[in-house]
Amino acid sequence: MQIKEIQIDGFGVFSNKQVKGLTSGLNVVYGPNEFGKTTLLEFIRRMMFGFPRKNPKVNHYQPVQGGRMGGALKCVLASGQLVSIVREAGNKDGPVIRTDSLENRGQSYLDSFLGHASKEIFQNIYAFTIDELQDVQSLRGDEIKSHIYGAGMGLGEVSLGDIEKWLDKSCGEIFKPRGTGGVAVILSEINKIENGVRKAQAHLEKFDELTLLASRLDDEKSTLRKTIGDLELAKKVLETRQELYPIVIEILNAQEEIGGIEDVPGFPENGMQKLTSIQSDKENLLNRIQEEERSYDELQINLRNLSVNNELLGHEGDILFLQQSLKEVQSAIADQMKVKNDWEHMSDQIQIETGTVGQDWTEEKIMDFQLTEMEKNEIHEFYNALSEFGQNVYSAQDKLDLHREQKEANKPEPPASVPTWMRQLPYGLGGVGLAGVVTGLVMGDAILFGVFFVMTVLGAVFYKKITVKPKDEVELDDKLEISLAKRLDKAIEKRETTFESWRSWLKARELDEGLAPLVTEKIGDRVREIKSMMAQRDDLSERLGDMRKTIEGVSQLVEKIAPSLQHFTINSDVPTNIQVIGRYFDEARLVREKKELFEIQCREQTEKIDRLKSRVSGTDNDLSEFLRSSSAVDEKDFIEKHNILDRKKNLSRIVEEKKGYVQSRVGLENSYDVFVESVKSASQEENQQKLDDVSGRLSELNGDKDRLLQAIGETRTRIDQLSSDDDFSKKQVELEMGRQKLKEYAREWAINRVALQMLSRARKKYEKERQPAVIKAAEEMFTQITRSNYIRIFKPMDSDDILIDDGSERAKGLLEMSRGTREQLYLAMRFGLIEEYETRSEPLPVIMDDVFVNFDDDRNDQMIGLVRHFAKPRQVVVLTCHKRIFEAYSARGANPITVG
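Take 200 as the starting number for the sequence shown in our numbering and just add one per residue.
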């Protein structure tokens, strides 16, 4: 497993922190003092193995900035599978483990991805600080010791040193001059007992004579027993020879037959299997040729049964065009009536709209009529001029009326005055008329304009009649009134001139002279709308023409193709004709493709049969070459030679099996040869005769042995009678027991001394040759780090201490090493442990927190090279706050990561 990204939600000094860019191989992570490298190391440990429960003695790394404690590790396994580990403090369900395909929860599931590595293994071997590196106890846990030392010498928890001490102590106590036990005490007791025995038997005259006789009889018994033993051995040899005689004869006969079988030089190994294989291959090829030829015949029959309509296929382009045009034709037929109705509706609408423009307006006039932008501008100019001049007339009239009202108001009432309503009537008619005229001009309503224009004229007439005075009164009018009246006349004159110009403009364009400017502009807009409708009608006409053309063209192609089809009649439904022709064409094309496929298959089948025949020929050549290499004339001759060799092998196997059985009974090499010669030197009858003679002699000797035992028994009885005194018997028993105990002490001492010697030799050999694999792996690294100043690491059998050898056979313990050398040894031990552990478990990331600060420059350089080599097949992360270490590792190819 390798870590690719670290996400910390909250842990110690870190909050919402991400560490990215970690890769396989060597990584160096740098940050200033107190940046949290130890916190980062502890976060990785707890993400993998859980947060500790409440314990005041443990640093829980509560988030300094608050928030949720936990985070995630994004990792990749050795198999390439991506895994995310998400864990929160206090969550009893354990971590969440996500992969590309599933999500699961629980420490046991995570342990399967970690190769079931324990927390002790990871914390002390894979992820450690400099303090933990310096602590030798971190390598003395039971699980780690089992990985370092393995099964050892099979002593379990027993101390080899304790055993040696106990054996040496036991030997010393046996021969201890003074003490409560041992040989010295036994010898003293035996001397006392012997003195007592001699005193007790002084009165027995014949005791020594009988004892001497008993001794002589015992010697005769021993000699007789030896003779009987030799005869029993000879009997057993003869019985074995008689039993194995047929087997040895079978072996000799088989060897003789083997010697008479001629050698078959150059006969291949497993020759019969190869011959059978070649014959089987040839037979299989011949069977396949028959099968392929049957398939070829079936293809030929199918090919002859196919009939292709080539005439129809000759119209392929036309038929494809018809099939592509089918939807277009269907659409044309379906839309033709609708488009025709739209055309008629559009024509009626054009006629109605043309009538609204004017009764004398026609489509030709509509098409010819067009208002240019200049003409539109002229219309607006006429509209503005008429509006302006009308306003001027209205304004002049108001001023004149106001002047006269003021004049009348200042003048005394005449005796016979005109009624007030009559005097006001011209003003009312003029004012309303002018307002109506302006409104008519704005609205473009000619009728409204004419009515109010008449009212204005009537108002002027009434005004003139009422205001006409006698000549003498007129002379009294002031000049202002004359000026205002002239201004009114001039305004009316300009207005009338503009009206005349407008009517001339309309007449020049053959328009109604009573049209108002805005009405004329609206007629232009209406004409444009009618033209647009006429254009739409033209489009409909064009569509109708295209539809007729499409349907007629398709119908002509149908008539052209129809003669190529049998039992086909053209009907009025053009789409149906196209579909029927397409179906016939698809069937013909399918038949053609099927025929082409059959032809291709026939060619391929012919090529396949030719290849198989070629392979048969090649197999025949292989068979001939194989027989020729075996010096066989033909297959029959080859089989005969094989049978000869097979018989020879069977005989050799029989000889080997029988010989092994005989050797298991009589012994190997020279013993076996002597036994065979003995079998060959005598017949089975002669062996039986010798066996009978030995058996008879044994019977005689056994009778002599019984008589001798009887004599010994009688002599022992007489000795017992002479020594029937209880004290004498008791002391004899004690003497015998003392002598027996002395023998046991001597035997125990000899066993202990031999055991001590064997253990000493085993210890030296084990310590020299049988060091654990972890020690050997660490030894290579440590030798490289120290530039061969120390060439061997070994562990004594009777302790867990680690010793180093400087090449002069002088061992150094941990306390004799410098701090830097001791740390380098511990680091090499961890690397050796990792290599040994990963031979059967998932590789884990190796994380080291500033463990190189106590190394000198030379060994630090050596260590960088070693770590770089060690990191190649795994992931190693070096945490440091020392700039020089960061730069040194970066210069040697490490992946640099800076954490602020």
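In this text, a Cβ means the ideal position worked out from N, Cα and C, and glycines have one as well.
Checklist entry - According to the neighbour-count rule (16 or more other Cβ atoms, all chains shown, within 10 Å of its Cβ), is residue 326 buried or exposed? => result It counts as buried.
Checklist entry - Within 10 angstroms of its Cβ, does residue 524 collect 16 or more other Cβ (buried), or is it exposed? => result The C-beta of residue 524 has 16 or more other C-beta atoms within 10 Å across all chains shown, which makes the residue buried.
Item to check | Simplified DSSP assignment, three categories, for residue 249 | outcome: Here residue 249 carries a coil assignment [DSSP, helix/strand/coil].
Checklist entry - Secondary structure at residue 642, three-state DSSP: helix, strand or coil? => result Residue state, collapsed to three classes: helix.
Checklist entry - Straight-line CA distance for residue 980 to residue 841? => result Residue 980 and residue 841 have their alpha carbons spaced roughly 59 Å apart.
Next on the checklist: Let's test the definition: count the other Cβ atoms within 10 Å of the Cβ of residue 1088 and tell me whether it reaches 16, buried, or not, exposed.
Outcome noted: If you draw a 10 Å sphere on the C-beta of residue 1088, you find 16 or more other C-beta atoms in it, and that means buried.
Checklist entry - Is the stretch 1037-1044 close to the stretch 1072-1083, with three or more CB pairs under 8 Å? => result Taking 8 Å as the limit for Cβ pairs, the verdict is that the stretch 1072-1083 does touch the stretch 1037-1044.
Checklist entry - Buried or exposed: where does residue 1097 fall if 16 or more other Cβ atoms within 10 Å of its Cβ makes it buried? => result Its Cβ having fewer than 16 others within 10 Å, residue 1097 is exposed.
Checklist entry - Within this structure, are the beta carbons of residue 874 and residue 443 separated by less than 9 Å? => result Yes, they are a contact pair.
Checklist entry - Taking the beta strand (DSSP E) that residue 328 falls in, what are its first and last residues? => result Per DSSP, the continuous beta strand (DSSP E) segment holding residue 328 begins and ends at 326-328.
Checklist entry - Between the beta-carbon of residue 658 and the beta-carbon of residue 650, is there less than 9 Å? => result With a cutoff of 9 Å on beta-carbon distance, residue 658 and residue 650 are scored as not near each other.
Item to check | Opposing strand residues paired with residue 518 [DSSP bridges] | outcome: According to DSSP, which records beta bridges pairwise, residue 518 is partnered with nothing at all.
Next on the checklist: Which same chain residues end up closer than 7 Å to residue 494 when comparing Cβ atoms and leaving out the 5 residues on each side of it in sequence?
Outcome noted: Excluding positions up to five away in sequence, the list reads 804.
Item to check | Residue nearest to residue 811 in terms of C-alpha spacing, selected from 238, 284, 486, 596 | outcome: The option with the nearest alpha carbon to residue 811 is 486.
Item to check | residue 1025, enclosing alpha helix (DSSP H) - first and last residue | outcome: If you look at residue 1025, you'll find it in the alpha helix (DSSP H) that goes 1018-1036.
Next on the checklist: Is the beta carbon of residue 661 closer than 9 Å to that of residue 628?
Outcome noted: In contact: residue 628 and residue 661 (Cβ atoms closer than 9 Å).
Checklist entry - Closest to residue 725 by CA distance: which of 600, 743, 1020, 550 is it? => result Residue 550 holds the alpha-carbon nearest to the alpha-carbon of residue 725 among 600, 743, 1020, 550.
Checklist entry - Quick one: is residue 322 buried, meaning 16 or more other Cβ sit within 10 Å of its Cβ, or exposed? => result With 16 or more Cβ atoms within 10 Å of its Cβ, residue 322 is classed as buried.
Next on the checklist: Are the CB atoms of residue 389 and residue 937 within a distance shorter than 9 Å?
Outcome noted: In terms of Cβ geometry, residue 937 and residue 389 form a close pair [threshold 9 Å].
Checklist entry - Thinking C-beta only, is residue 753 closer than 9 Å to residue 722? => result Annotated as distal: residue 722 and residue 753, with beta-carbon spacing of 9 Å or more.
Next on the checklist: Check for me: the alpha helix (DSSP H) holding residue 286 runs from which residue to which?
Outcome noted: Note, residue 286: premise wrong, no alpha helix (DSSP H); beta strand (DSSP E) at 281-287.
Checklist entry - Any contact of the stretch 892-905 with the stretch 447-463, i.e. 3+ C-beta pairs under 8 Å? => result Touching, no, given that fewer than three Cβ pairs across the two stretches are closer than 8 Å.
Next on the checklist: Taking DSSP's pairing of strands, which residues face residue 214 in a bridge?
Outcome noted: 209, per the DSSP bridge assignment.
Checklist entry - Cβ of residue 562 within 9 Å of Cβ of residue 733? => result Taking 9 Å as the Cβ cut-off, residue 562 and residue 733 qualify as a contacting pair.
Next on the checklist: Is it buried or exposed, residue 783, if we count other Cβ atoms within 10 angstroms and call 16 or more buried?
Outcome noted: Result: buried.
Checklist entry - residue 410: beta carbon under 8 Å from a heavy atom of the ligand FAD? => result Among the components modelled here there is no ligand, and therefore nothing to report on the ligand FAD.
Checklist entry - Grouping DSSP H, G and I as helix and E and B as strand, with all else coil, what is residue 1079? => result In the structure shown, residue 1079 sits in a strand (DSSP, three-state: E or B).
Checklist entry - What are the partner residues of residue 270, as DSSP defines its beta bridges? => result Assignment of beta-bridge partners to residue 270 by DSSP yields 207, 286.
Checklist entry - Quick one, which of 750, 916, 555, 701 has its alpha-carbon nearest residue 771's? => result With distances taken between Cα atoms, residue 771 lies closest to 750.
Item to check | 8 Å contact criterion, which residue 248 and residue 276 should meet: CB distance rounded | outcome: Rounded, the Cβ-Cβ distance is 18 Å, inconsistent with contact.
Next on the checklist: Looking at residue 474: is its Cβ nearer than 9 Å to the Cβ of residue 818?
Outcome noted: The answer is no: Cβ separation not under 9 Å.
Checklist entry - Ends of the beta strand (DSSP E) at residue 231? => result Here residue 231 belongs to no beta strand (DSSP E), and DSSP marks it neither H nor E.
Checklist entry - Does DSSP put residue 201 in a helix, a strand or coil? => result If DSSP states are grouped into helix, strand and coil, residue 201 belongs with the strands.
Checklist entry - residue 258 lies in the beta strand (DSSP E); which residues open and close that run? => result Counting along the chain, no beta strand (DSSP E) covers residue 258, and no H or E run does either.
Item to check | Of the listed residues 908, 537, 603, nearest to residue 422 (C-alpha basis) | outcome: The shortest C-alpha separation from residue 422 is found at 908.
Checklist entry - Is residue 1032 buried or exposed, if buried means 16 or more other CB atoms sit within 10 Å of its CB? => result Burial call: buried.
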